[in-house]
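In what follows, a structure is listed as structure tokens, so that the remarks can point back to it.
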Amino acid sequence: MNILIADDDAASLAHLKTLVESLGHRALCAEDGAEAWELYRNGDCNLIILDWAMPGMDGLELARRIRSAPATTYTYVIILSPPDQRERINAGMAAGVDDFLAKPVTANDLFTRLAIANRIISLQQIQDRQMRELEVVSRRLKRDLQAAEQVHRALLPSSVPNAPGMEFAWYLRSCDEVGGDTLNVFRLDERHLCFYVLDVSGHGVASALLAVQVSRFLNPLLGPASLLKKLATTPVGYRLAPPREVLADLNSLFPSQPQTMQFFTIAYGIYDLDAHRVVLASAGHPGPLVLRASGAIQAPQVAGHPIGFFSSSEAAFNELTLELSPGDRLMLYSDGATEAADSDGRTYGATRLGQALRDGGALPLTQSLERVVGSLQDWRQGREMADDVSLLAIGRLV
């Protein structure tokens with residue numbers, strides 16, 4: 041070890057230097073606290089032996105400076121004290137001193153103290169190395185999370201569908217860097233839109249990865265692997281899979297996983313732009329909220345098992361049919377919205393969610409959804425989110 045010795049007594053300094061070097065260590069010597077401070081700042085010292093009483097800067101003040109100075113490694117501090125001044129030990133410990141040596145110092149005393157110091161310094165070096173390794177891993181994980189967040193965000197609607205007389209708005213916020221909620225709305229063909237809100241159990245990277253996997257199957261591309269548009273001998277060469285068929289196919293593709301215990305809920309619907317009719321199926325997902333032009337709020341329910349809970353032969357999915365008149369709005373949401381809690385633990389609930397939707401009924405849909413989000417945030421009163429929140433709203437203008 042590199043050991044710095046500070047003592048204004050020349051004989052004591054020479055004695056300590058001889059003892060330190062006889063034990064196989066390198067000694068750096070200072071005759072007062074100021075010189076020791078400069079050597080400490082400019083040198084590479086693992087351990088410092090300080091005399092308590094020195095002119096100018098004493099050992100206690102030097103120990104305080106060492107402890108308050110930024111350092112990449114830990115420096116062990118031993119302070120020398122006369123036998124009749126052992127009551128100063130508490131003051132020394134408070135200043136950051138690690139150990140004490142009573143004068144006159146013997147070779148055996150010094151050997152014992154240095155052995156203890158070497159053990160502690162070695163452990164500290166191991167801890168410092170592990171911390172640096174953890175920092176590297178942490179930075180790598182942060183980069184991976186940022187990449188995962190970008191992939192997750194890419195699943196969301198890049199633009200609203202071109203559908204005259206209709207309006208769309210959505211909101212999604214994860215409680216972690218990435219989450220298991222996702223949503224989308226897009227055209228299936230010239231006459232039909234499809235939309236869904238997906239909620240994977242849990243949150244974080246594992247949930248986000250499953251959400252990405254599921255979303256890959258929920259795309260409008262026509263082909264053998266498409267769940268939404270099936271090849272068929274029809275004039276257009278395909279048929280649109282009914283919502284409950286889409287959910288049944290998802291249940292076959294994502295069976296129960298006992299190892300991960302992951303599952304997901306989803307509400308998936310098709311909107312007929314000519315008839316203004318919605319056919320919606322749910323796999324354990326909350327039912328939609330419908331705001332009629334009259335101001336009435338409806339909360340129809342549609343039954344269905346969560347995906348991954350039951351085998352294909354056991355799972356059942358039902359459909360709900362709705363018609364939207366001019367001025368009507370429909371909103372899908374994840375349970376992170378209704379289960380948001382206030383400071384007393386009361387949940388927000390579907391009733392308040394519907395009321396917030398109705399309160400913004402006279403506003404454009406985007407502003408209306410912002411009002412819903414504001415109501416949710418006010419309810420939480422600044423508390424941390426416990427779950428991801430997603431909202432998807434569709435409105436008929438004419």
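Going by the working numbering, the letters in the sequence shown line up with residues 41 to 438, in that order. Glycine included, each C-beta is placed from N, C-alpha and C at the ideal position.
Tell me the rounded alpha-carbon separation between residue i and residue j.
i	j	result
GLY99	GLU175	35 Å
GLY263	ARG279	11 Å
CYS85	ARG128	25 Å
SER440	ALA343	This structure gives no information on residue 440, because the portion of the chain shown stretches from 41 to 438.
THR305	THR115	56 Å
GLY10	GLN190	Nothing in the structure corresponds to residue 10, since the chain is present only between 41 and 438.
ALA111	ALA157	18 Å
ALA426	GLU217	13 Å
SER52	ARG159	26 Å
GLY394	GLU379	14 Å
CYS234	ARG317	12 Å
TYR311	LEU267	16 Å
TYR236	VAL276	24 Å
ALA50	LYS57	10 Å
GLY132	ALA381	50 Å
LEU120	ALA155	17 Å
GLY242	ILE347	14 Å
For the alpha helix (DSSP H) that contains residue i, what are its first and last residues?
i	result
PHE151	147-194
VAL245	245-257
ILE88	Run containing ILE88: none in the alpha helix (DSSP H); it sits in the beta strand (DSSP E), 87-91.
ASN224	That residue, ASN224, is in no alpha helix (DSSP H); its beta strand (DSSP E) goes 221-227.
ALA46	It is not in any alpha helix (DSSP H) - ALA46 instead sits in the beta strand (DSSP E) that spans 42-46.
By the DSSP assignment, the beta strand (DSSP E) with residue i in it spans what residues?
i	result
TRP419	Where TRP419 is concerned, there is no enclosing beta strand (DSSP E), although the alpha helix (DSSP H) it sits in stretches over 405-420.
ALA323	317-323
VAL237	232-240
SER430	429-436
TYR308	304-312
LEU68	66-70
GLU207	206-213
Would you check whether the ligand GDP has a heavy atom nearer than 6 Å to the C-beta of residue i?
i	result
GLN253	Absence of the ligand GDP is noted for the structure shown, with no ligands found whatsoever.
Verify whether the separation of the beta carbon atoms of residue i and residue j is less than 7 Å.
i	j	result
ASP60	ILE88	Reading off the sequence, residue 60 comes out as Val, not Asp. It is not a contact, given that the beta carbons lie outside the stated cut-off.
LEU360	LEU313	no
LEU79	ALA70	yes
ASP48	MET94	yes
TYR308	VAL330	no
VAL429	GLY376	yes
LEU372	LEU416	no
PRO201	ARG172	no
ARG398	ASP368	no
MET97	GLY73	yes
On the DSSP bridge list, what partners appear for residue i?
i	result
ARG104	Answer by DSSP bridge pairing: none, since ARG104 is not bridged.
MET371	LEU329, ALA433
PHE357	GLY344
ARG128	ARG128 pairs with nothing; no bridge assigned.
Kindly confirm or deny that the region 324-343 and the region 262-278 touch, where touching means at least three C-beta pairs closer than 8 Å. no
The region 102-119 contacting the region 136-144, beta-carbon criterion three pairs below 8 Å: yes
Does the region 379-388 touch the region 242-252, meaning 3 or more C-beta pairs lie closer than 8 Å? no
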